Structures are given as structure tokens and as C-alpha cells.
């Protein structure tokens, strides 16, 4: 069996396997220093088995919708081996993967949790991982915490891991200068910001310039930001039922004081509020999933 560290494929063979142009591969090597091909006696590039594994992983990410710089930001060479090992044991479907990830987070097993998140990004599109798997997990973890079935330590541990992975992506998307500014903030009294992070990532991926304020922002400070930035959109997240009345009062005030800003609110507390309130704030409720978020944004942009 060939040694993985010995060069055996020339650039033409590798590009044929990957379905990319030789110029693209050379540009990746030059710009990002992702691999260092060996050279034969004639000075031609030769790629090892490990090089091909890394490049296949990156191409897979690009095909899923990542830019090459985003894929490289996620790249961990150890994860390539982990994904191969997991693949040998059979591919988990998204529901099974989500269940296993929840178990490992509740067992405080960071290594295994990171491996499962890596696997999810390797197998599924970015939107599916973020919206269906990670966002779904955030709602479940929040529910478990609210019902007293898990401790604050469990919630904080899971949040820190998921926040770090989402943060890597959130800061890698370029802004589209044509699109308007957006402010994203948790509602008063809210400390659970991961749902807001998921939505912010969705909006940033579309090219919006998002000013992310997160949690524990005083209302007067928020108003100062809005007066300075004059955004077209303000997105607010509310997950705790007891915080909802105060959040809705703030929505009313924002609508009155900033008529040029579209205010959207979402989160598990909003999703579960009584029908009379849902009807009253129909124009401000972002919705439950990516399709509804898209529909809300398009209606306001028009």
C-alpha cells in the first residue's frame, strides 16, 4: 500500500478527481498555503493521498455553498481523519446526528461533540446544519433548561461550544455594500443569544451588514445605536416566556420612535405566544424556519 506522505498524483490527475481547474488549485495553494505538494526531479507538483483528502474536503464545502476562505477557516486536518473514521461506521442521518450531539453535549464530551459538528458540515449543506440541526438543538436545550431537566452548567457548556462554531462562520461572510444595515439584539432580560446568532448568520450570509449587539443591552443604549446607525432592520430574539411582555413593549416603542426601521422579533417565546398576540404582531414575527425568514425579508425589502 502506498505511503500517504509520498507524492503519487500530478496536478492534472488531482484536478480530474476534484472537478476543478488547475489554475484554481494553484491559486488556493498560493493564497492560503493549505498544502505543500512535493516536487519530482523535473520540478512538477506531486500530491499525496493526504493532500487529496484535504482538497476533497474543501471542494465538498465549496459545493455546499461555502466560499473557499470560509471552508479553510473551518478546516482542521484532524477532522478529515475523524470524518473518514465515522464514515466507516456508517453515515448518521440528521435526526440521529442531532440526538447523538445532544447526548454528547449533555455528557460534557467536547471532543466527540466537535467531531459530530464536523461530520454534519461535511455531509449536509450549511443551511441544513445551521437551521435544522444546530438551531433545532438550541430550542431543545432551552426547553430542557426551562423545564428543569438539565442544569445551568449543561446549558452554558452546550452554548459555549455551539457559539464558537457559529462565530467562526459569522465573521467570514463578506458584506454586500448595496444591502442595508441591520441591528441584531436580544430582548430585555434575555441572556440566551444562540438563536439570535443563528438568525444573524443567516442574514450575514445574504450579504447584509449586521451590527450584532447580543445580550444584556440597556434599552437606552439600543436607542443610541439606532439613532447613530439608522438601520433598515432591527432583529430581536426572545426565548424566555417571562421576558415576552417587556419585549413586546419594546417593539411598540421601536415602531413608534423609528418608523423607518422594520422591527422583526423571533425566538421560542414568540413562537409559543397566544394567538391574539400573534395576530397583533403578525407583521413583526420573523417565523419558524428559513423559508419564513426569507419571505419576511423579501416582503420588507419590497
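Numbering (my numbering), first residue to last: 1325 to 1626. C-beta atoms are modelled at their ideal positions from N, C-alpha and C, and glycine is treated no differently. What you are looking at is a predicted structure, and each value in this text was computed from that prediction instead of being measured.
Status (buried if at least 16 other CB within 10 Å, exposed otherwise) for residue i
i            : result
residue 1483 : buried
residue 1522 : buried
residue 1427 : exposed
residue 1625 : exposed
residue 1443 : buried
residue 1417 : exposed
Spatial distance of residue i from residue j (CA atoms)
i            : j            : result
residue 1409 : residue 1449 : Caution is warranted here: a pLDDT of 48 is assigned to residue 1409, below 50, making its placement in the model unreliable, and no coordinate value can be reported.
residue 1527 : residue 1365 : 50 Å
residue 1481 : residue 1563 : 18 Å
residue 1575 : residue 1547 : 12 Å
residue 1335 : residue 1374 : 14 Å
residue 1430 : residue 1489 : 17 Å
residue 1342 : residue 1387 : 11 Å
residue 1602 : residue 1515 : 23 Å
residue 1412 : residue 1566 : The predicted position of residue 1412 is uncertain, since its pLDDT is 45 and thus under 50; a value taken from the coordinates is nonetheless stated next. C-alpha separation (whole angstroms): 47 Å.
residue 1432 : residue 1452 : 24 Å
residue 1561 : residue 1582 : 18 Å
residue 1542 : residue 1622 : 30 Å
residue 1402 : residue 1544 : The predicted model places residue 1402 with a pLDDT of 49, which falls under 50 and marks its position as unreliable; any figure quoted below should be read in that light. Their backbone Cα atoms lie some 47 Å apart in a straight line.
residue 1493 : residue 1368 : 35 Å
residue 1509 : residue 1555 : 13 Å
residue 1353 : residue 1380 : 14 Å
residue 1360 : residue 1339 : 16 Å
residue 1605 : residue 1579 : 11 Å
residue 1344 : residue 1534 : 33 Å
residue 1520 : residue 1331 : 46 Å
residue 1610 : residue 1399 : 33 Å
residue 1357 : residue 1396 : 10 Å
residue 1445 : residue 1485 : 15 Å
Assumed close pair residue i, residue j - CB separation to whole angstroms, cut-off 8 Å
i            : j            : result
residue 1550 : residue 1524 : Rounded, the Cβ-Cβ distance is 17 Å, inconsistent with contact.
residue 1362 : residue 1370 : 5 Å
residue 1441 : residue 1462 : Going by Cβ atoms, the distance from residue 1441 to residue 1462 rounds to 13 Å, so no, they are not a contact pair.
Residues bridged to residue i [DSSP beta-bridge criterion]
i            : result
residue 1558 : 1507 and 1587
residue 1609 : 1589
residue 1371 : 1333
residue 1536 : 1508
Any chain E beta carbon closer than 8 Å to residue i
i            : result
residue 1548 : Any reference to chain E falls outside this structure, which holds one protein chain only.
- Is the number of C-beta pairs between the segment 1590 to 1597 and the segment 1527 to 1547 that are closer than 8 Å three or more? no
- Quick one: any contact between the segment 1415 to 1424 and the segment 1457 to 1468, if contact means 3 or more CB pairs under 8 Å? yes
- Assess, as a yes-or-no matter, whether the segment 1564 to 1573 is touched by the segment 1593 to 1613 under the definition of 3 or more beta carbon pairs within less than 8 Å. yes
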